[in-house]
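What follows is a short report on a single structure.
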Amino acid sequence: MLQISGSVEDIQDKVGSQASTVTTPALHEVVETLEVKMKSYAEATKSAHISFCQEQEIEKANQFARMKNVRISGLPESEKEEVKSVVIKFLTETLDIPNPDLAHAYRIGNKGAQPRVIIVKFVDQAQRDMALANKAILKGQRIWLDPDLTPLQVEARRKELAKVKEAQDAGFVAYLRDSQAIITKRRRQSST
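So the numbering used here is basically just the index in the sequence shown, starting at one, shifted up by 17.
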């Protein structure tokens, strides 16, 4: 009986060693493959993070460069106009900005049926802010004055504006301030 149990143990040891030699290389290969994939994913994640950070820095630089700018849409365009003098006249006569100090004023886009948009860069941030504060004067004139936003800011503003519209349709007091939706908890009073 001892011989048989010894033989069984020998057989079990041999089977166990055979099983470990069969599974160990296959398992080792799987582990190595997973390690390579993990390293690849780590490198891709690091690269994506660096790319995202660079895009954020570029966006901040674009926002800073446009900080003193406004866009004027709908201002009539004439042949051989000097855009800067047209804008200065518009700012003084229409928006009541005394002695506007402009670094640049130029039209963008291709000539067409509609007047092209004018990009205006103020020397002084306070004058830009005054022009934006006085833009309510333009209501009904089909001339618009807006801050010069980056494409990402325009998209974010569009989303916030949709929230404002939805809240107003639901009867809430809602408006946009500094590209952020402000929605109050109280409902609008109906005028009827």
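From the three backbone atoms N, C-alpha and C, an ideal C-beta is built for every residue, glycine too.
Counting C-beta atoms within 10 angstroms of its own C-beta, Ala59 has fewer than 16 neighbours from the protein chains shown and is therefore classed as exposed. Pairwise C-beta distances place the stretch 190-198 out of contact with the stretch 109-117, as fewer than three of them are shorter than 8 Å. Boundaries for Arg133: no alpha helix (DSSP H) harbours it, and the DSSP string shows neither H nor E there.
Judged by beta-carbon spacing, Leu119 lies beyond the 8 Å limit of Val134, meaning their Cβ atoms are not closer than that value. Excluding the 5 residues flanking it on each side, Pro132 has same chain C-beta neighbours closer than 7 Å at Gly91, Leu92, Pro93 and Glu94, in chain order. Nearest to Ala122 by C-alpha distance, out of Phe107, Glu49 and Gly129, is Phe107. The Cβ atoms of Thr111 and Ile154 sit closer than 8 Å to each other. Ranked by how close their Cα comes to the Cα of Met84, the residues Asp141, Gln158 and Leu193 have Asp141 in first place.
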